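Read in the numbering used here, the sequence shown has 31 at position 11, and its numbers run on one by one without any break. Note that CB positions come from ideal geometry on N, CA and C, so glycine has one too. The model shown is predicted, which means the values in this text are computed figures rather than measured ones. Structure first, then comments.
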Amino acid sequence: MDEDEKRAFHCTVPILHNPPPIPSNKRIKKRVTSLDDFSRICDRGIDWSESFASIKRIRSQGLTFGSCWAFATIAAVEALHALTFQLQNPPILLSVQQLIDYNVANHGCGGGNVLDAFTYIILNEGLNTEQNYLYHGIQRTCDTVKEKGDGLEIDAYTIVNPRNKDQLAYALCEQPVVVGINAHGSNFSQYRGGIYRSECGTDISHSVSLVGMRIDKATNDQYWILKNSWGEKWGEGGFMKLLKNDGTPGGHCGTPRTSI
């Protein structure tokens with residue numbers, strides 16, 4: 021796979037920090053809130069995937085389909101459900117395909133914006149399950165019969181202040197977070213393990229779920245724990261350790277730039 025093909029594969033649209041208004045809805049308690057007053061942070065680090073099997077579960081978006089935005093959004097909602105109800109093995113897998121088919125504000129296989137994906141889930145009052153609305157790896161005609169289902173609902177989302185690693189850490193201590201990163205380059209796609217330190221830009225090209233942060237005992241380096249959607253054979257069982265403090269304002273691979 022050459023670099024142009026990889027860009028098409030990653031295919032995400034940067035998060036807008038001034039999202040357009042949406043219609044009033046009684047299920048929406050708040051639209052966008054500030055994280056300036058977060059008062060709790062896990063000083064010893066955290067890895068949500070160690071506590072919940074549903075968060076540790078890795079999916080694969082396929083080799084030619086730019087649906088990372090949908091997988092990252094679904095991972096965040098499923099994680100929130102597990103944390104809220106303390107479920108080790110929740111019976112519900114949410115439908116990625118529904119987001120791809122219905123979310124007309126996004127572009128299906130042409131990439132997407134996670135804000136639009138979260139907005140769709142809110143306005144639709146939830147998503148169907150994976151079992152009822154299977155993933156096919158292509159954008160298809162909307163199945164209106166399956167749009168409503170037995171899946172989960174959310175009533176809000178929060179945009180983390182951009183380019184602020186501390187704010188992102190605060191948010192991560194509450195729950196997994198969707199982040200945009202720069203995933204260009206063969207080193208990223210061929211990552212197999214260890215702390216990823218390779219040079220990378222800050223232009224956002226891929227969406228993943230941030231599920232933890234730790235400190236390497238040998239080097240004392242801090243790192244993020246990313247959950248990808250490229251299957252279990254990529255990285256460390258589908259996860260990546262990404263250098264957290266590299267001294268740049270934008271963060272390594274642009275991690276703190278856009279998160280929700």
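- The segment 197-267 is shown to contain whole alpha helix (DSSP H) runs of 4 or more residues at 206-209, in chain order.
- Within 10 angstroms of the beta-carbon of D186 lie fewer than 16 other beta-carbons, which makes it exposed.
- Counting along the chain, the unbroken alpha helix (DSSP H) around E98 starts and ends at C88 to F105.
- For the 8 Å CB-CB criterion, T278 and V199 form a contact.
- Residues of the same chain with a CB within less than 7 Å of the CB of H156, apart from the 5 flanking positions on each side, are Q117 in chain order.
- Assignment of S115 by DSSP, reduced to helix, strand and coil, places it in the coil class.
- Judged by their CB atoms, V231 and L172 are not nearer to each other than the 8 Å cut-off.
- Beta-carbon to beta-carbon, I174 and I142 are separated by about 6 Å, close enough to satisfy the 8 Å threshold.
- Setting aside the 5 residues that flank it on each side, L100 is surrounded in the same chain by Q195, each with a C-beta closer than 6 Å to its C-beta; the list follows chain order.
- Of all alpha-carbon atoms in F72, W89 and L119, the one lying nearest the alpha-carbon of A102 is that of F72.
- When C-alpha distances from I78 are compared across G257, D121 and G270, the shortest belongs to G257.
- Inter-residue distance for D121 and K237 is about 45 Å (C-alpha atoms, whole angstroms).
- Remark: C-beta atoms of W244 and T222 do not approach each other more closely than 8 Å.
- Boundaries of the alpha helix (DSSP H) around Q187: K185 to E194.
- Bridge pairing for D67: G232 [DSSP].
- Collapsing the DSSP output to three states places T149 in a strand.
- The beta carbon of N265 is closer than 6 Å to those of Q242 in its chain, skipping five residues each way along the sequence.
- A Cβ-Cβ distance of about 4 Å is found for the pair C273 and C220, placing them in contact under the 8 Å criterion.
- Boundaries of the alpha helix (DSSP H) harbouring T139: V134 to L143, taken from the DSSP string.
- For S279, no alpha helix (DSSP H) run applies, since DSSP gives it neither H nor E.
- Among the bridge pairs identified by DSSP, S80 is matched with W250.
- Counting every other CB atom within 10 Å of its CB across the protein chains shown gives L154 a total below 16, marking it as exposed.
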